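Q: In the working numbering, the protein residues as written are 386 to 455. Below: one structure in structure tokens.
Structure, rendered in structure tokens:
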């Protein structure tokens, strides 16, 4: 499954912290992500898992404005 801008993802090693994808590198190997705490980080795409649970995505989308308040 291809990950794209504004998708919701989590680390494969930690499913408790959600990230919103803000950019994908030209090579497609790295993702620029932001958390609700306003922290930005870059991850290798192989360490990331796409969130596919519809209820979880709906909840995250309902809080999306909070990403840009910090």
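C-beta: ideal position from N, C-alpha, C; glycine also. Bear in mind the structure is a predicted one, so any value in this text is a computation, not a measurement.
From 403, 389, 395 and 387, pick the residue whose C-alpha is nearest to that of residue 451; which is it?
A: The residue given as residue 451 occupies position 66 in the chain shown. With distances taken between Cα atoms, residue 451 lies closest to 403.
Q: Which residue from 454, 388 and 393 puts its Cα closest to that of residue 440?
A: Locating residue 440 in the chain shown gives position 55, where the first residue counts as 1. Comparing Cα positions, the closest option is 393.
Q: Just to confirm my understanding: we take residue 427, look at its own chain, exclude 5 residues before and 5 after, and list those with CB closer than 6 angstroms. What are they?
A: Residue mapping note: residue 427 aligns to position 42 of the chain shown, counting from 1. Excluding positions up to five away in sequence, the list reads 415 and 417.
Q: Mind checking whether residue 408 and residue 421 have CB atoms under 8 angstroms apart?
A: Looking up residue 408 in the chain shown gives position 23. Looking up residue 421 in the chain shown gives position 36. No. Outside cutoff.
Q: Quick test of your reading: residue 434 and residue 387, contact by CB under 8 angstroms. State the CB separation rounded to the nearest angstrom.
A: By one-based count along the chain shown, residue 434 stands at place 49. By one-based count along the chain shown, residue 387 stands at place 2. Going by Cβ atoms, the distance from residue 434 to residue 387 rounds to 13 angstroms, so no, they are not a contact pair.
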